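So the structure is just underneath, and the comments pick up after that.
Number of protein chains: 6
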Amino acid sequence: MRFDEAYSGNVFIKSHPNYEESEAVLYGMPMDWTVSFRPGSRFGPARIREVSIGLEEYSPYLDRELEEVKFFDAGDIPLPFGNPQKSIDIIESYIDGLLEDGKFPLGMGGEHLVSWPVIKAMYKKYPDMAVIHMDAHTDLREDYEGEPLSHAAIIRKAADLIGPKNVYSFGIRSGLKEEFEWAKEQGMHISKFEVLEPLKEVLPKLAGRPVYVTIDIDVLDPAHAPGTGTVDCGGITSKELLASIHAIAGSDIKVVGCDLVEVAPVYDPSEQTANTASKLIREMILGWVQKK
Amino acid sequence: MRFDEAYSGNVFIKSHPNYEESEAVLYGMPMDWTVSFRPGSRFGPARIREVSIGLEEYSPYLDRELEEVKFFDAGDIPLPFGNPQKSIDIIESYIDGLLEDGKFPLGMGGEHLVSWPVIKAMYKKYPDMAVIHMDAHTDLREDYEGEPLSHAAIIRKAADLIGPKNVYSFGIRSGLKEEFEWAKEQGMHISKFEVLEPLKEVLPKLAGRPVYVTIDIDVLDPAHAPGTGTVDCGGITSKELLASIHAIAGSDIKVVGCDLVEVAPVYDPSEQTANTASKLIREMILGWVQKK
Amino acid sequence: MRFDEAYSGNVFIKSHPNYEESEAVLYGMPMDWTVSFRPGSRFGPARIREVSIGLEEYSPYLDRELEEVKFFDAGDIPLPFGNPQKSIDIIESYIDGLLEDGKFPLGMGGEHLVSWPVIKAMYKKYPDMAVIHMDAHTDLREDYEGEPLSHAAIIRKAADLIGPKNVYSFGIRSGLKEEFEWAKEQGMHISKFEVLEPLKEVLPKLAGRPVYVTIDIDVLDPAHAPGTGTVDCGGITSKELLASIHAIAGSDIKVVGCDLVEVAPVYDPSEQTANTASKLIREMILGWVQKK
Amino acid sequence: MRFDEAYSGNVFIKSHPNYEESEAVLYGMPMDWTVSFRPGSRFGPARIREVSIGLEEYSPYLDRELEEVKFFDAGDIPLPFGNPQKSIDIIESYIDGLLEDGKFPLGMGGEHLVSWPVIKAMYKKYPDMAVIHMDAHTDLREDYEGEPLSHAAIIRKAADLIGPKNVYSFGIRSGLKEEFEWAKEQGMHISKFEVLEPLKEVLPKLAGRPVYVTIDIDVLDPAHAPGTGTVDCGGITSKELLASIHAIAGSDIKVVGCDLVEVAPVYDPSEQTANTASKLIREMILGWVQKK
Amino acid sequence: MRFDEAYSGNVFIKSHPNYEESEAVLYGMPMDWTVSFRPGSRFGPARIREVSIGLEEYSPYLDRELEEVKFFDAGDIPLPFGNPQKSIDIIESYIDGLLEDGKFPLGMGGEHLVSWPVIKAMYKKYPDMAVIHMDAHTDLREDYEGEPLSHAAIIRKAADLIGPKNVYSFGIRSGLKEEFEWAKEQGMHISKFEVLEPLKEVLPKLAGRPVYVTIDIDVLDPAHAPGTGTVDCGGITSKELLASIHAIAGSDIKVVGCDLVEVAPVYDPSEQTANTASKLIREMILGWVQKK
Amino acid sequence: MRFDEAYSGNVFIKSHPNYEESEAVLYGMPMDWTVSFRPGSRFGPARIREVSIGLEEYSPYLDRELEEVKFFDAGDIPLPFGNPQKSIDIIESYIDGLLEDGKFPLGMGGEHLVSWPVIKAMYKKYPDMAVIHMDAHTDLREDYEGEPLSHAAIIRKAADLIGPKNVYSFGIRSGLKEEFEWAKEQGMHISKFEVLEPLKEVLPKLAGRPVYVTIDIDVLDPAHAPGTGTVDCGGITSKELLASIHAIAGSDIKVVGCDLVEVAPVYDPSEQTANTASKLIREMILGWVQKK
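Protein sequence lines, in the order shown, are assigned to chains A, B, C, D, E and F.
According to the working numbering, the stretch in the first sequence is residues 1 to 292, in order.
According to the working numbering, the stretch in the second sequence is residues 1001 to 1292, in order.
According to the working numbering, the stretch in the third sequence is residues 2001 to 2292, in order.
According to the working numbering, the stretch in the fourth sequence is residues 3001 to 3292, in order.
According to the working numbering, the stretch in the fifth sequence is residues 4001 to 4292, in order.
According to the working numbering, the stretch in the sixth sequence is residues 5001 to 5292, in order.
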């Protein structure tokens, strides 16, 4: 009997065993300490990996198989419970490392605030970067009840850093009046309610540019993603979200990194949300990584 | 340390603290004793209030904020368990009081039978009133296995009272053959399966008239509202229901009262249904109350 | 007090009390031992029956009532736990018996492998038979990790038996690359992602032919059927599936038998999936049995 | 293929097919319309039957097998939703019929109020009857918020009918101060908190007398029966309740009828409560019916 | 119709409407951002209040009724999401206020770290104070993976402040080896596994002293409290915990404040844990407040 | 950034990274295809590992830490779905390998049938071996409805192989009359209902002998382990089961291998059962492995 290496049980299906040889790195950011409503997204990445065994390795949408892309599942980044600032610093430094090694970062949240340090790190490498943001919520607050480090402020921080005109939000159906007004004044793109059609209009404008894509699973209607912190009805279907991922894959933009956040398994006993997230991750790997 | 008044914990977000100054009154009718299948809607109003803290106060659909409408959350009307007749009498007298005080009544069920005493009270004040009814079920029975006071008979009672031609049902996909036939014979409007398109055709005909709107949450597909007594597939999406609420808001009818019924939280561990109901209530407040 | 016969508690609503007089027979095949992901569909048939009491007996889609069709609910076929081969043999012989008696077989799974012995039996009687297959998955494997008797191989077995050109798959969104290629090479029809529109194109080609229809509940999006073994997002709505059933009912094909499989109640605490399945069964009875 | 009689799916394991030959009759009373907290016990009897297939037919406690007792599962008594008085009348007349036919009545609730008509019927036949009552709650109210027909009043009604000194309550840990005082004044037996030890003291005093035993499943600690309307911690274990049933079986009292009430499956996703209830029913059948 | 004050929906049953006149104040501390395993206790206080309507107002254990004690339910203290230090400061200042007003503080968590600022505030007023601690876990860490503000460090902080010899822990069954050793070296009392018997021995030694009692609901076995962050089998029963509360009530110590923490409703669909917590709160009010 | 080896995410807490150096091997046997009631134990091992992060590494019962024992978590043995015979053969050969390498086997089920091939392998090495068996069920059937390979036959097979007098069953509360009789005739030890006290009597008789211990989690009362296939009330507490493990640890028997089976996570939304199982595994590692 031979066990040449430690059992690697809970990895995303078909992840590559070797970091060095991989083009992309999949990692979890198990943080949920600033959420204002229902916590639990810290367990999102582990559950997404666990249910990925129910996936086929082949995408009939893209006609590609997972073994055509070398991605390494690096597990979850250990983050200090209840300390947002230190968590953010750890993530930023982690992404710095990935980018130094030339890897495509593919993150799984965790609350949406985890995208903030990733975007900071990406921006250092890609100063002409744009951000595509799919979400039910604007996330454009300056702070949340006094806390500047909040999941509800992530896109505002990104907009302040890379310029509001470089941020494109889709599917938004919730936010403060002030947030919508701020976006309008700043010339930031917000598509309310819809994703696919406005995205198709925006993509040609971004042709050739490096783009980071951040998807909050709650852009889906709660019917399609009940397992998340803040459900908000009137969202898009998983069919539309898949089509949006494929629209990006078929466009001329250069995806340089991406994440999928806010899967909170405990609110979804059927595990529909984690299963859906795992399929979205597969399509993001197959559709976006090769763009690099 | 100062507590000037008792803690009022579980109220709908942004409800007004003062009854006298309010234009609308939000109240729960926690009754489910005549339901024929799965009980539990008595806990609907409390759960809808509880999750309303996850809502934003601003509607990007209507571009209005909750503080623009003064509504008072009066809590649940205490109803005697297992006594439908007395419950109905209590509700009717409660609504009589609200109308006397010039308030817009906005009720949360509870089973659909609770709409019956409300409609009775409204009709006394608005004898030219019409009823718009969104539901999966006809609710046109004369009785249910011998019981005339049944959630399955509420629309029949309303039709008998205000005249079948003044009742407009939408989204219906379940009922006895006799119920559909009775409606046809009586000239009552029933739109099978769909809501938004037929509603848009009906609204101009009702221009200027006082209308009471009653929404059974099961008009939504179970994917969008699993937490209800009798789920029935093939329903509309929450997007379509939101659009229907907005169509009414943008029409020339005069909404004089409304309710949302049949949210039964125990059948929905993800609380999607209660969250959706709380958003619908927000839109009903923002879109309909000012019509008064 | 008189009890002339044993209490027959959990039967499908309005099932006929007498086998001899019935045109159709409804039976459960409570087998889930070869499933590769989440087991539990053995309890599907019982739960579908149980919630059928929440159904109306009348279909406003087809304008027919259940009492217009005589169907006998024969309960579940007792199957030996963990023995796929013997289970298959028992089912085949059971169906042989039904066909001898001139009955229309209407089966409820259980895992999809249960359709294999039914198709074998049907084919003996209807050698010119075609199969219409609605599913998220191709099910065209030759074996699953070495096991030829697998829920993932059922359509391959059927295709091998009746000829790939006689099998029409709809709604497929998951499978191995090899499976899609095999189908293409063999001239087997696969409609990816969609059901209703391609079905409408296919039906005229099958006019007059005997057709067996097998529906895997996971052809529905997980939003509409979370209670199944392998959920896969991007599926169709229950509205589209109902319309597809009605399209078949309105066509010139001759449905000679059918099944609905893979309802696994434990993954759906709201029981949406079982309720939906019971409505689908009602429409299949009302729409298809009279074709015989 | 032969089906000599209709499929009788959901019956309690090993129930006898023939009413006439049976000594005992098992029946459900699916009523929950007067409950003051969480409804749902109407589905108790069906779920208890369903999970009874997980039971062995042999009791290692009593060294008896179910086939040694002929009991007929008569299904659920159809009761009118939301009408307590009519429901009670129907049950009383049903029990009258059973007693006329010389059957031992074994009822499954439903809310506790269902025991009231049974006790009325029993008392007509056994005027020297005592009642043994195991429950978390006194159930000694005269009315509940004005309603005399309430699950919280059942034991008071029984005590008023057969005399408080003939009622023996065990395991009580919840009630109004007035209820405890009334019991004391009237000389009614109440054992607070405990069941087995005080029961052993009481049983000899009841030797030779006909006794009706009513068990509210909430006498168990919520750890052992989470699936009930009103859980109340500090209760007994299922081991102690089994031992109490066996103590009665081994005593010299003459059990003439019994019930087990308040199983509400929806609050117990693990179905522990229904499984436990089905085992308790088995022991009640094996231990008590032969006393007749 | 008159509504003299705002609807106060979700308050603990029989709470007094007036702060000034009350002897005790019940408040929630909805914080869970430092938990290392499963978050969700922020929703504990609201759910405990909600289910308290299922309680009787009378305790048959203590023969007292809630109206004999004036306690004011002050609702939840608003705490900044994800900021432990600021949360702690807010709580401490809140308790300072209560103590100034001469109130008995009765807190509901939230994670166990919330007890830390309460103890700090209490100690300023009662420098000879002891702490009684019931818990599955030692909570004696200096930090948790580098974070000194952690739910796993609360008792260590308390011991460092008031002296380890003034802290008495009961029911402990989980911790680092170092924690147990530290306690031993410091002369701190730890009763492993058991609560009631060792408590009875300790109470006389504390006679006359002011004591703060902090109960982590996970001192209960998971069978009795599944709805908590870190379940750990081998715990005590709710019967033993009730008896321990009553033992304190009957002793000569002077309880000056108390809390019950770590109820996390989402992990307990049956709501057994919240129901149990609400009964424990009732007994703490009835048994301990009058000691003041 | 350095990743020297693949991420090994879901391993039991503190498992040793190296197979060669380890004394014990922990492995999962994810098979549930012969279960007669509720399937799902295939997911037991993965969930037990996942929740093990909530465990402390130190046992205050045994005063030992996990790092004192080198155990290697080898993951789950891949088993062919629906093929019991092949699954058994694979397991037996796997254990043969472990024993050849001198490892202590510690298995996690899966259904109880998985213990059969382990015992076969162990017996080849330890022909004087005894089996200690803790379970709610006898598991002494010769076959289950004709299937000799059944979870209900595992102990019978073991008894036939090693001799009934070498098998000691504890906690049994369910089985056929014939099973109990067979055990009696054969001189096999069965302690009904209880575990700890009879175990203490048996242990001295087994002093010095190699013993394999197999624990079915359903020996616990459903209150302590709701997440299993066949719950059966009247069982022991987790406290008693822990004490039984410790009694074996403190005895003079030589545990040569062991397993814990039948954890089925889907039936336990609170994950109490998996958490309890992970603690039991920790105690088995700390208490039993060093006996080797």
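Don't be surprised by glycine CBs; every beta carbon is placed ideally from N, CA and C.
Just so you know, these numbers come straight off a predicted model, no measurement behind them.
Item                                                                                                                                                                                           : Value
For His-3249/D, I'd like the list of residues in its chain whose CB is within less than 7 Å of its CB, leaving aside the five on either flank, ordered along the chain.                        : For clarity, residue 3249/D is Ala in the given sequence; the question names His instead. Correct list, in chain order: Leu-3062, Gly-3287, Trp-3288.
CB Val-5107/F to CB Met-5031/F, shorter than 9 Å?                                                                                                                                              : The amino acid at residue 5107/F is misidentified as Val; the sequence shows Gly. No, the Cβ-Cβ distance between Gly-5107/F and Met-5031/F is not below 9 Å.
Which residues bound the beta strand (DSSP E) around Val-1167/B?                                                                                                                               : 1167-1172
Identify, in the order they occur along the chain, each residue of the same chain with its Cβ nearer than 6 Å to the Cβ of Gly-234/A, setting aside the five sequence neighbours on each side. : Arg-173
At 4 residues or longer, and completely inside the segment 5189-5270 of chain F: list those alpha helix (DSSP H) runs for me, N to C.                                                          : 5196-5202, 5238-5249
For a contact defined as C-beta to C-beta under 8 Å, what are the partners of Ala-5050/F on chain A?                                                                                           : It should be pointed out that residue 5050/F corresponds to Glu in this sequence rather than to Ala. Simply Asn-10, Ala-46, Glu-50.
Tell me, please, whether the CB atom of Pro-78/A is closer than 9 Å to any CB atom in chain E?                                                                                                 : yes
For Val-213/A and Ile-155/A, which I take to be in contact (beta-carbon distance under 8 Å), what is that distance rounded to the nearest angstrom?                                            : Incorrect: roughly 13 Å between the Cβ atoms, too far for contact.
What's the C-alpha gap between His-4137/E and Leu-4199/E?                                                                                                                                      : 17 Å
Go to Leu-2106/C, then tell me how far its beta strand (DSSP E) extends in each direction, as first and last residue.                                                                          : 2104-2109
Would Ala-5207/F be called buried (16 or more neighbouring beta carbons within 10 Å of its own) or exposed?                                                                                    : exposed
When you compare each of Met-4284/E, Trp-4116/E, Asp-4216/E, Lys-4165/E to Thr-4273/E by their alpha carbons, which one comes out closest?                                                     : Asp-4216/E
What is the residue span of the beta strand (DSSP E) that Tyr-1027/B lies within?                                                                                                              : 1024-1029
Taking Cβ positions, are Pro-4045/E and Val-4263/E nearer each other than 9 Å?                                                                                                                 : yes
Could you name the residues of the segment 1265-1282 of chain B whose beta carbon sits closer than 8 Å to any beta carbon of chain E, in the order they occur along the chain?                 : Pro-1269
So which residues on chain A does Lys-2177/C lean against when the C-beta distance must stay under 8 Å?                                                                                        : Tyr-58, Asp-63, Glu-65
What residues in its chain sit with their C-beta under 6 Å from that of Ser-5191/F, if we drop five residues either side in the sequence?                                                      : Phe-5170, Pro-5198
Under 7 Å, CB to CB, which of the residues in the segment 5031-5043 of chain F have a partner in chain D?                                                                                      : Phe-5037
When you compare the CB of Ala-1249/B with every CB in chain C, is at least one pair closer than 9 Å?                                                                                          : no
Name the residues in the segment 1198-1227 of chain B whose C-beta lies less than 8 Å from a C-beta of chain A; which are they?                                                                : Asp-1221, Ala-1223, His-1224
Within a Cβ cutoff of 6 Å, which residues of the same chain sit near Phe-5193/F, ignoring the five residues on either side of it in sequence?                                                  : Arg-5173
Can you tell me the Cα-Cα spacing of Gly-3102/D and Met-3029/D, whole angstroms?                                                                                                               : 20 Å
Closest to Pro-1078/B by CA distance: which of Lys-1070/B, Phe-1072/B, Ser-1087/B is it?                                                                                                       : Ser-1087/B
Could you check how far apart the C-beta atoms of Asp-310/A and Val-118/A are, in whole angstroms? I think they sit under 8 Å.                                                                 : Here chain A has residues from 1 to 292 only, and residue 310/A is not among them.
Would Ser-3238/D pass as an interface residue toward chain F - the criterion being a Cβ-Cβ separation below 9 Å?                                                                               : yes
Verify the CB distance criterion: does Leu-196/A have a CB-CB separation below 9 Å to chain G?                                                                                                 : Checking the listed chains, one finds no chain G in this structure; the protein chains it contains are A, B, C, D, E and F.
Report all residues from its chain with a CB closer than 7 Å to the CB of His-1016/B; omit the five preceding and five following residues, and keep chain order.                               : Ser-1022, Lys-1070, Phe-1071, Phe-1072
Quick check: the Cα distance between Arg-4956/F and His-5246/F, rounded to an integer number of angstroms?                                                                                     : This structure leaves residue 4956/F out entirely; chain F is present only between 5001 and 5292.
Given that Lys-192/A touches chain B, what residues does it touch there, using C-beta distances under 7 Å?                                                                                     : Pro-1060
Nearest CA to the CA of Glu-4283/E: which residue from Val-4219/E, Pro-4269/E, Ile-4053/E, Ala-4243/E?                                                                                         : Ala-4243/E
Applying the criterion that 16 or more other CB atoms from any shown protein chain within 10 Å of the CB defines a buried residue, is Lys-5124/F buried or exposed?                            : exposed
I want to verify the contact list: residues of chain F whose CB lies under 9 Å from the CB of Ser-2115/C, in sequence order.                                                                   : Residues of chain F passing the Cβ test: none, with the nearest at roughly 15 Å.
Taking CB distances under 9 Å as the criterion, tell me whether Gly-3187/D reaches chain F.                                                                                                    : no
Which whole-angstrom value is the C-beta distance of Arg-2038/C and Ala-2130/C, which I expect to be below 8 Å?                                                                                : Incorrect: roughly 31 Å between the Cβ atoms, too far for contact.
So what's Glu-1147/B in DSSP terms, helix, strand or just coil?                                                                                                                                : strand
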